[in-house]
Amino acid sequence: MTTDFDLTGQLVWPGAMLLNDYLSKNVKMLQGCTVIELGSGVGITGILCSRFCHKVVMTDHNEEVLKILKKNIELHSCPENVSSISHELVAEKLEWGNTGQINEILRKHPGGFDFILGADIFIRFQQSSIPMLFDSVRQLLRAREGRKCKFILAYVSRAKTMDSMIIIEASKLRMKMKEVTGTRCIVGNLEGVVFEVTLE
1 MTTDFDLTGQ LVWPGAMLLN DYLSKNVKML QGCTVIELGS GVGITGILCS RFCHKVVMTD
61 HNEEVLKILK KNIELHSCPE NVSSISHELV AEKLEWGNTG QINEILRKHP GGFDFILGAD
121 IFIRFQQSSI PMLFDSVRQL LRAREGRKCK FILAYVSRAK TMDSMIIIEA SKLRMKMKEV
181 TGTRCIVGNL EGVVFEVTLE
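Mapping of the sequence shown onto our numbering: residues 1 to 200, in sequence order.
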């Protein structure tokens, strides 16, 4: 929490380790899928997913972080890394709640995504950003035109007020939050859990 705001997207947070562990144990669900990650930071989760997914779109709002993301994509896509050649891995700017940016992403990637991913994304912003995040998630969930899409959220608890706010906001927007069995654990010295979020 004491990290400078401008550096938050340049660190690997505990939630990313939690999400990556979960995805690594469930790679079958990613096979051939399309994924968008919110608040990608340095891109460790998106790059992991690109080994299995057909398409991965990593997003962040910070221009400096986007430069790092693009550099990491370039490094990952080098000819020596044969596993990445057939998979699409891109970075896009996305400020939560910005419908224009969401529409532009969906224009470039029509049909929406099978999974929306988020890891420790609440740490970087104040409580006022939670409605904007869930608004963005709802727009992306709806873009599947009847086909199921899930928001997989790796959440690390740091404040009880934040814990209740995400549940309240999801409920307000008619989203169902389901804790994934067996994912609750201690990450570092904090409690973490993975949720699956879907439209009701």
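Where is the CB? At the ideal position from N, CA and C, for every residue including glycine.
Host beta strand (DSSP E) of residue i (start-end)
{"i": "residue 175", "result": "175-179"}
{"i": "residue 192", "result": "190-199"}
Contact set for residue i: own chain, Cβ-Cβ below 7 angstroms, skip 5 residues either direction
{"i": "residue 190", "result": "14, 156, 157 and 158"}
{"i": "residue 193", "result": "155, 179, 183 and 184"}
Residue i and residue j closer than 8 angstroms at C-beta
{"i": "residue 175", "j": "residue 197", "result": "yes"}
{"i": "residue 30", "j": "residue 49", "result": "yes"}
{"i": "residue 61", "j": "residue 93", "result": "yes"}
{"i": "residue 35", "j": "residue 105", "result": "no"}
{"i": "residue 140", "j": "residue 199", "result": "no"}
Spatial distance of residue i from residue j (CA atoms)
{"i": "residue 40", "j": "residue 46", "result": "7 angstroms"}
{"i": "residue 96", "j": "residue 20", "result": "23 angstroms"}
{"i": "residue 38", "j": "residue 143", "result": "16 angstroms"}
{"i": "residue 186", "j": "residue 17", "result": "11 angstroms"}
{"i": "residue 177", "j": "residue 131", "result": "15 angstroms"}
{"i": "residue 195", "j": "residue 153", "result": "5 angstroms"}
{"i": "residue 201", "j": "residue 188", "result": "The structure shown does not extend to residue 201, since the chain is modelled only from 1 to 200, so the question has no answer here."}
Close-in-space but distant-in-sequence residues of the same chain around residue i (CB under 6 angstroms, 5 per side omitted)
{"i": "residue 27", "result": "52"}
{"i": "residue 86", "result": "For residue 86, the predicted model reports a pLDDT of 48, less than 50, meaning its position is unreliable and no value from the coordinates is stated."}
{"i": "residue 133", "result": "96"}
{"i": "residue 173", "result": "134 and 138"}
{"i": "residue 163", "result": "157"}
Residue-level contact to chain B via CB, residue i, 8 angstroms cutoff
{"i": "residue 44", "result": "Note that chain B does not occur in the displayed structure, where there is just one protein chain."}
Margin query: Suppose only complete runs of 4+ residues qualify. What are the alpha helix (DSSP H) ranges in the region 88-165, listed by chain order?
Written below: For secondary structure counted as the alpha helix (DSSP H) over 4 or more consecutive residues, the region 88-165 holds these complete runs in sequence order: 99-108 and 130-142.
Check: Of all the beta strand (DSSP E) runs that stay within the bounds of the region 4-66, which reach a length of 3 or more residues?
Finding: Fully enclosed beta strand (DSSP E) runs of 3 or longer: 34-38 and 55-60.
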